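Peer 1: Sharing a structure below in structure tokens format, with a few things to ask.
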């Protein structure tokens, strides 16, 4: 049987513990935190692009519109 222990730790307590870590472990911790931040930012970015309102016909229509504008600019 396993027993889970729950501790409430303040930021300052965590910081104090981190400061006592060897340099190698601090670097490892930094890399893990960076991965976490990058994953969070990437997930947020991907969610911002995700949409169910975009259809191929809409994309094709917009492409054709832009092509027409470019053609008109080039041929006066």
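Residue numbers (my numbering): 136 to 211.
We treat Cβ as the ideally placed atom computed from N, Cα and C, and that holds for glycine.
These numbers come from a predicted model, not from an experiment.
For the alpha helix (DSSP H) that contains residue 189, what are its first and last residues?
Peer 2: For the purposes of this step, residue 189 is taken as residue 54 along the chain shown, with counting starting at 1. Boundaries cannot be given for residue 189, as no alpha helix (DSSP H) includes it and DSSP labels it neither H nor E.
Peer 1: Terminal residues of the continuous alpha helix (DSSP H) containing residue 153?
Peer 2: As a working note, residue 153 is residue 18 in the chain shown. Residues 146–155.
Peer 1: Rounding to the nearest angstrom, what Cα-Cα distance links residue 207 and residue 193 in this structure?
Peer 2: To locate residue 207, count along the chain shown from 1; it is residue 72. To locate residue 193, count along the chain shown from 1; it is residue 58. Cα-Cα distance, rounded: 21 Å.
Peer 1: Taking the alpha-carbon positions, what's the residue 151 to residue 145 distance?
Peer 2: For the purposes of this step, residue 151 is identified with residue 16 of the chain shown, where counting begins at 1. For the purposes of this step, residue 145 is identified with residue 10 of the chain shown, where counting begins at 1. Approximately 10 Å between the Cα atoms of the pair.
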